[in-house]
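Q: In the numbering used here, the protein residues as written are 100 to 252.
Input: one structure, supplied below.
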């Protein structure tokens with residue numbers, strides 16, 4: 100588990116999580132999903148929990164509490180999960196085969212390649228490159244079609 104300096108975190112209980120009204124928590128959960136997932140704010144490198152809290156008219160403690168209780172992860176992991184899911188789609192999409200990992204990382208909202216690789220590895224247990232290679236090992240016709248098209252040009 101030493102690869103990419105990923106460490107297991109100990110479960111901590113924060114009292115403020117239990118103080119948030121359950122109805123408010125449900126309401127904030129829906130609003131957070133709307134903004135992060137539907138509006139695709141996860142793609143914005145500079146979109147922080149602070150900006151989200153300001154947009155929702157609340158504070159970062161409430162955002163943190165909702166994400167922890169409702170999604171069982173911290174804010175950064177929550178946002179990175181959507182980034183990695185999109186990156187996985189792009190990595191196996193024929194239209195994006197010529198892009199390098201920095202391009203993919205940038206497209207999905209990571210500030211740098213290192214954080215992209217660390218998050219990808221944490222979620223999938225393999226690097227983005229290994230993921231891409233494993234996909235094309237299972238679907239070799241997609242790769243050969245692309246190479247044939249390149250030679251024809």
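Even glycine gets a Cβ: it sits at the ideal position worked out from N, Cα and C.
Computed from a prediction, not measured in an experiment: that's the story for all the values here.
Work out the CA separation of residue 204 and residue 228 for me, nearest whole Å.
A: Spanning the two alpha carbons is a distance of roughly 12 Å.
Q: I'd like the span of the alpha helix (DSSP H) that includes residue 213, first residue to last.
A: Unbroken alpha helix (DSSP H) run through residue 213: 212 to 223.
Q: Would you identify the three-state DSSP class for residue 178, choosing helix, strand or coil?
A: Here residue 178 sits in helix by DSSP.
Q: Under the assumption that residue 221 contacts residue 135 (Cβ atoms under 8 Å), give the Cβ distance between them as a whole number of angstroms.
A: That belief does not hold up - the Cβ atoms of residue 221 and residue 135 are roughly 19 Å apart, past 8 Å.
Q: Please report the residue range of the alpha helix (DSSP H) in which residue 147 lies.
A: Note, residue 147: premise wrong, no alpha helix (DSSP H); not H, not E.
Q: Are the CB atoms of residue 151 and residue 137 nearer to each other than 7 Å?
A: Contact: no.
Q: Report the rounded CA-to-CA distance for residue 206 versus residue 119, giving the unit in angstroms.
A: Taking the straight line from one Cα to the other gives about 35 Å.
Q: If you drop the 5 nearest sequence neighbours on each side, which residues of the same chain put their C-beta closer than 7 Å to that of residue 146?
A: Same-chain partners within the cutoff: 140.
Q: Comparing C-alpha positions only, which one of 212, 169, 127 sits nearest to residue 153?
A: Closest option to residue 153, Cα to Cα, is 127.
Q: If I measure Cβ to Cβ from residue 158 and keep anything under 8 Å in the same chain, skipping five residues before and after, which residues do I get?
A: Once the five neighbours on either side are set aside, the close Cβ partners of residue 158 are 152.
Q: Measuring only the C-alpha atoms, how far is residue 211 from residue 124?
A: Cα-Cα distance, rounded: 32 Å.
Q: Could you have a look at residue 171 and say whether DSSP puts it in helix, strand or coil?
A: Reduced to three states, the DSSP call for residue 171 is coil.
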